[in-house]
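So the sequences go chain by chain: A and B.
Taking the working numbering, the leading residue of the first sequence gets 501, the next gets one more, and so forth.
Taking the working numbering, the leading residue of the second sequence gets 3, the next gets one more, and so forth.
For every residue, glycine included, the Cβ atom is placed at its ideal position computed from N, Cα and C.
Working notes, structure below.
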Amino acid sequence: MNIRLARVDDLMGMQACNLQNLPENYTLKYYLYHALTWPQLSYVAEEDGKIVGYILAKMEEDVSEGDEPHGHVTSISVLRSYRRLGLAKRLMIQSQEAMATVYKAAYVSLHVRKSNRAALGLYRDTLGFTVKDIEKGYYADGEDAYAMRLSLKHLAR
Amino acid sequence: MDRQIRPIYEALDTGSNKSAILACNKVLKKQPNNNLVKSLKALALVRSQKVEEALLLCDEVLAAKPVDDPTLTAMMHVLRGLGRHMDMVTMYEDAYKQQPGNEELGTQTFFANVRIGNWKAAQQIATKMHKQFQDDHYLYWSVMSALLQAHDPTTPEALRTVLLKLAHRLLSSSATPSFYNADRFHLHVTVLRELGLYDEAYEMVESETGKIVCSGNLACDELRREIWKLKGLAKEAGERAEKRIVEAKDRNWLEFLAVLDGTFADLTSDPSDVEAAKAAVAERIPKTREFFGKVVEEDGVKDRSGHLALLELEKRSRHHGLATDSTALNSLLESYFQSFGGKACCYEDLKPYIALEGDELAQWTAVLEKQTATFTSVPDLWRYINAQKLLRYNLPASALTPEAESQRAVQYLDAYLEGLKLGKDLPSYDLQPADDLAILSAQAFVNIWQQTKDESFLYNAAALLEYAIARSKMSYQIRLHLVRIYRLLGAPSLALEHYRSINVKQVQNDTLSHFVLSRASTFSLSSIGDLTYTTECLESSRIYLSNSEETAEFIVRAFGGEKYSQIPDFIVFEDRLDNSLQRDLVKMEHVRMRIAHEPINSELVDMELIELKFIFDRVHHDNRDFDILANYQPRGVATFNQQTEFLEKTPGLGWLWVFLKIYIKAFQLASDLDDTVEDKLLIGDRPKPSYDPETKIPLNERLATKKQEEIDELTPDEALFYEYASALSQWLAPYHDYARPPPSAVLAEAAKITEQKTGHTLRGVEIPPEAATNGHAKKDEEPPAVVEPPATISQYFDDMSKRLKELLEGKGLPHELLHVVTLTQEAFLLFVIETTRFKTPSVIKVNKFGALAQHIKEIRAKASGILSEISGALVSYAEREATAERRKEVLEACKPIIHESGLDHDFVLNVAKKITDARKQIADGVGKGMVRVTKTHA
Numbered sequence: 501m502n503i504r505l506a507r508v509d510d511l512m513g514m515q516a517c518n519l520q521n522l523p524e525n526y527t528l529k530y531y532l533y534h535a536l537t538w539p540q541l542s543y544v545a546e547e548d549g550k551i552v553g554y555i556l557a558k559m560e561e562d563v564s565e566g567d568e569p570h571g572h573v574t575s576i577s578v579l580r581s582y583r584r585l586g587l588a589k590r591l592m593i594q595s596q597e598a599m600a601t602v603y604k605a606a607y608v609s610l611h612v613r614k615s616n617r618a619a620l621g622l623y624r625d626t627l628g629f630t631v632k633d634i635e636k637g638y639y640a641d642g643e644d645a646y647a648m649r650l651s652l653k654h655l656a657r
Numbered sequence: 003m004d005r006q007i008r009p010i011y012e013a014l015d016t017g018s019n020k021s022a023i024l025a026c027n028k029v030l031k032k033q034p035n036n037n038l039v040k041s042l043k044a045l046a047l048v049r050s051q052k053v054e055e056a057l058l059l060c061d062e063v064l065a066a067k068p069v070d071d072p073t074l075t076a077m078m079h080v081l082r083g084l085g086r087h088m089d090m091v092t093m094y095e096d097a098y099k100q101q102p103g104n105e106e107l108g109t110q111t112f113f114a115n116v117r118i119g120n121w122k123a124a125q126q127i128a129t130k131m132h133k134q135f136q137d138d139h140y141l142y143w144s145v146m147s148a149l150l151q152a153h154d155p156t157t158p159e160a161l162r163t164v165l166l167k168l169a170h171r172l173l174s175s176s177a178t179p180s181f182y183n184a185d186r187f188h189l190h191v192t193v194l195r196e197l198g199l200y201d202e203a204y205e206m207v208e209s210e211t212g213k214i215v216c217s218g219n220l221a222c223d224e225l226r227r228e229i230w231k232l233k234g235l236a237k238e239a240g241e242r243a244e245k246r247i248v249e250a251k252d253r254n255w256l257e258f259l260a261v262l263d264g265t266f267a268d269l270t271s272d273p274s275d276v277e278a279a280k281a282a283v284a285e286r287i288p289k290t291r292e293f294f295g296k297v298v299e300e301d302g303v304k305d306r307s308g309h310l311a312l313l314e315l316e317k318r319s320r321h322h323g324l325a326t327d328s329t330a331l332n333s334l335l336e337s338y339f340q341s342f343g344g345k346a347c348c349y350e351d352l353k354p355y356i357a358l359e360g361d362e363l364a365q366w367t368a369v370l371e372k373q374t375a376t377f378t379s380v381p382d383l384w385r386y387i388n389a390q391k392l393l394r395y396n397l398p399a400s401a402l403t404p405e406a407e408s409q410r411a412v413q414y415l416d417a418y419l420e421g422l423k424l425g426k427d428l429p430s431y432d433l434q435p436a437d438d439l440a441i442l443s444a445q446a447f448v449n450i451w452q453q454t455k456d457e458s459f460l461y462n463a464a465a466l467l468e469y470a471i472a473r474s475k476m477s478y479q480i481r482l483h484l485v486r487i488y489r490l491l492g493a494p495s496l497a498l499e500h501y502r503s504i505n506v507k508q509v510q511n512d513t514l515s516h517f518v519l520s521r522a523s524t525f526s527l528s529s530i531g532d533l534t535y536t537t538e539c540l541e542s543s544r545i546y547l548s549n550s551e552e553t554a555e556f557i558v559r560a561f562g563g564e565k566y567s568q569i570p571d572f573i574v575f576e577d578r579l580d581n582s583l584q585r586d587l588v589k590m591e592h593v594r595m596r597i598a599h600e601p602i603n604s605e606l607v608d609m610e611l612i613e614l615k616f617i618f619d620r621v622h623h624d625n626r627d628f629d630i631l632a633n634y635q636p637r638g639v640a641t642f643n644q645q646t647e648f649l650e651k652t653p654g655l656g657w658l659w660v661f662l663k664i665y666i667k668a669f670q671l672a673s674d675l676d677d678t679v680e681d682k683l684l685i686g687d688r689p690k691p692s693y694d695p696e697t698k699i700p701l702n703e704r705l706a707t708k709k710q711e712e713i714d715e716l717t718p719d720e721a722l723f724y725e726y727a728s729a730l731s732q733w734l735a736p737y738h739d740y741a742r743p744p745p746s747a748v749l750a751e752a753a754k755i756t757e758q759k760t761g762h763t764l765r766g767v768e769i770p771p772e773a774a775t776n777g778h779a780k781k782d783e784e785p786p787a788v789v790e791p792p793a794t795i796s797q798y799f800d801d802m803s804k805r806l807k808e809l810l811e812g813k814g815l816p817h818e819l820l821h822v823v824t825l826t827q828e829a830f831l832l833f834v835i836e837t838t839r840f841k842t843p844s845v846i847k848v849n850k851f852g853a854l855a856q857h858i859k860e861i862r863a864k865a866s867g868i869l870s871e872i873s874g875a876l877v878s879y880a881e882r883e884a885t886a887e888r889r890k891e892v893l894e895a896c897k898p899i900i901h902e903s904g905l906d907h908d909f910v911l912n913v914a915k916k917i918t919d920a921r922k923q924i925a926d927g928v929g930k931g932m933v934r935v936t937k938t939h940a
């Protein structure tokens, strides 16, 4: 298993990870924009040349007044057969470190489906995120999302 | 002025092109020469598909050579909309020439060249800008452009080194060192690497500052790793990797590979003294084993890397004849299975190490067979699944009799049903952990079908997978299996339904649409006006349009933001999508569906001719993902992907080439366009000339060349069709060439139509007076004598009629039946395309083609007759399908999998109904469509 920076031509492989996952719909443009704007924040996990997981992350662009600069996890995905191997955690930590050191992010935020207990467990118990808010009807199918965040102050250099 | 222009912009922004045009007209009444307003009107026209009028305005503005920013920006959008990127370059170049001190114009000229990949001009502009504006980033633009020109496939070999040396020289002239910016540093080291200056590159990455840059930028660090490798520093890299594994707790597999490569470096670097090298490596192996052992001790089951590294070490030791302990591999495998058997990836992890024989295999098998189908937790279940997959991998041919496989299929299925209990509380979008057992069962059934050709085994596979998908709705794996099986069973509507449920989006369209669109015209009902599959072709092809609109802009932005390390990636990505093989395979299918549905007139013929000719000059990339389809078949038999391919032939480049040759030839004969006319009527740029030497051969020669490796990709029926098509076009070519109106007459006609449509004459076309008056100009030569048609042509229809009878009597699967039938219809349509010209009585009369008309009439009558016959046979076949009897047959066939509850009699009967109904629908539709096609073209 190898974690490395995501490249533009990984897109075809990254998409395969998305097949079985939640029906988010990101356009070509959106991926390319991530790759170009925050190239240090997105990673892929590779096994024998096959992409088995990825994290797509960015810095929040509209930081409201009084808020600090912070990162946001747009999408994280691990192929079913490569779950429970600590992969998501490694991808997440890699990206968080870059957020803190490259962009001086104070914290990282993400959204998760209320019903997704496995992911919730990972974010809260393994990675130490806390629930900040509930966003009603966040997902296209009407499901609510938990807005979660994690301080990155301990990583600041 | 501003007050008048603002409403135009607002209208454009909100997409109300009509009111934008009205607002423009209002201003133009008073100021007919306002270029900004003209270009805005052109933009509104382009966006409302009124291309001819837009062209006129566009050319007027370009002729005025504008320099003001608003006009240039508006024109940029107009030209992009028209696909005239070359004109965009000229426009900016002209503007920059008029105002050479304008930095923004220089930048835009550079970007215009970047968009079309014109690196040579881009490099020259950047160099000029660097001299003039003294900003370092122009220097790096210039270096990057030189590097890209060196990489361009059209650049001659000798020029490449010259360009790289130029880049090198430019870099050394920089006022600031490249390490100020990681991407500039990356570019610098890349140029050194390309020139083979590894020592210099090594010095750079290992310098004080270089180390800092590499530690903070993964792209640079990857480059550093490569430089080490190129310098042959495998041992040193191994040592460095050991340190990272111990000190930084790095568990990236690349580090472990570096340690392994270092261990065997003496042997893999072509040693002069092999024995000495062997001895050195033999000494190092135990040390590496000890090192990995410590990692395993420390990590336990938290990380797989150390465990896998030990397996890889053993494998490589054996490969070099340096293994000392013959029991080592077995015990490593066993311990890996003990530690990670409960993880889903265990099978994929161990696959490279388990091709065992003899005693080793027996011992390994015994270990796996201890896993019984009693499980109380998900890891238990996974351990059982992994054991089954690992056992199956090594099954010898003797263990694969239909009886043994049947037994296995049922055993997998029973375990699956048991395993479902463990996942009964999962949310609806989650996957069942037992899914892979259902897939194993389906693959075993498919394997029996392969041996027996008895389709009842496919029904079993389909029914049990339908049961599984209802319990695991998001499983794309199960759906892809169903897609494949339903295509074989001739139930395309069900295949498409499952494919659409996967919710394929964006780039996935390129990699996955082959599952439903490969040879999709076989399953299309366009002949009776059902455009489901036709629409699917268009939908899946949208990604290519957004690619060509968007990716080039990202390349421009990457230059703007100096992200040099990413630029080559963007270019590769754009190229792979733009020249995707799947894109053009789908295009070909779309043409094949189109001709069965639309009137065959010059509009269709001319447009497709031009497009197919463009495709014929492309260098393709195959991005199709076949590996995504899981394969659990034993190592001695074909993969599941191969087993379920349409008639065992995957269309590839060769297939595409054959069909392009067939259709370009047919459209070329039918069309009045010759190259000179085409040039005048073409809107937008021609594609970049291809670097493939074959495209330099004259088109007609290329079309006539038959290559065995291309024919090998065809099914036998397609090969027959190819022979038919060649005979047909060879026979008719001389008459077409003689009867085709001269270019001047064709242009006159086009000009007349344009004038009727727009009220303006066609730009750049002068019509000689005699051409405009008479379509049938007198010819100097006598018309070619009419000869008998080759027997192949009418024989083809007899042969296909016979093929169908064989299939209906014998055991052909429904997809094979549809294949034969749709090809016969296609042959008829090809005949129609190539004979439409001779339907006009005056053409026959003027050219004295009376005898030809008679031959054509006879063949058409014969073909129509056979098509009607086939149609009748298909319609009655369809009726037989949708009967209670047929459903009962399917139900009977599924006995092995029917259970008392859940996957019960009623469930299977329901699947049987779906399959037979779908089959009826396609056979009936294709049958009725054939009659309609013969009537349309009577």
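Item                                                                                                                 : Value
Pair within 8 Å by beta-carbon distance, A:E643 and A:S615                                                           : yes
DSSP state of A:A545 mapped onto helix, strand, coil                                                                 : strand
Closer than 8 Å to chain B by CB, A:L652                                                                             : no
Segments of 4+ residues assigned as alpha helix (DSSP H) that fall wholly inside the stretch 276–301 of chain B      : 276–301
Nearest-angstrom Cα separation, counted from B:P691 out to B:K122                                                    : 15 Å
Three-way DSSP call (helix, strand, coil) for B:G686 in this model                                                   : coil
Nearest neighbour of B:I23, chosen from B:N35, B:R49 and B:Y200 [CA to CA]                                           : B:R49
Proximity test, Cβ basis, 8 Å: A:L655 and chain B                                                                    : no
Among A:S575, A:V552, A:K653 and A:D567, the one whose alpha carbon lies nearest that of A:G586                      : A:V552
contact_flag[the stretch 507–522 of chain B, the stretch 449–468 of chain B] where n(CB pairs < 8 Å) is 3 or more    : no
Rounded C-alpha distance that separates B:G656 from B:S582                                                           : 14 Å
Interface flag, A:Y582 vs chain B, CB-CB below 8 Å                                                                   : yes
Listed by chain order, chain A residues near B:N549 by CB distance under 8 Å                                         : L528
Anticipated Cβ contact below 8 Å, A:Q596 with A:L505, distance rounded                                               : Their Cβ separation, rounded to whole angstroms, is 15 Å, which puts A:Q596 and A:L505 out of contact at 8 Å.
Cutoff 8 Å: A:P539 Cβ touching any chain B Cβ                                                                        : yes
B:H190, enclosing alpha helix (DSSP H) - first and last residue                                                      : A184 to E196
N-terminal and C-terminal residue of the alpha helix (DSSP H) that A:D633 is part of                                 : Looking at the DSSP string, A:D633 is not in any alpha helix (DSSP H); the run it does join, the beta strand (DSSP E), is T630 to E635.
DSSP bridge partner residues for A:V612 (one or two, in chain order)                                                 : A:Y646
Sequence-distant residues of the same chain with beta carbon closer than 7 Å to B:P102, five excluded per side       : none
Selected residue, minimal CA-CA separation from B:A727, among B:K708, B:D714 and B:P743                              : B:K708
Pairwise C-alpha distance: A:L536 and B:Q568                                                                         : 8 Å
Distance between B:F618 and B:L705 (C-alpha atoms, nearest Å)                                                        : 10 Å
Simplified DSSP state of B:M802, which is helix, strand or coil                                                      : helix
Sequence-distant residues of its chain with Cβ nearer than 7 Å to B:L392 (five each side left out)                   : Y349, L352, I356 and L370
Cutoff 8 Å: B:W255 Cβ touching any chain A Cβ                                                                        : yes
Cβ-based contacts, 7 Å cut-off: residues of the stretch 598–631 of chain A near chain B                              : S615
Partner residues on chain A for B:A221, Cβ-Cβ distance less than 7 Å                                                 : L505
Contact check, B:C26 vs B:A46, beta carbons under 8 Å                                                                : yes
Proximity of B:E407 and B:N449 at Cβ, strictly below 8 Å                                                             : yes
Given 8 Å, three or more beta-carbon pairs between the stretch 564–578 of chain A and the stretch 596–610 of chain B : no
Span separating the alpha-carbon of B:L315 from that of A:C517                                                       : 30 Å
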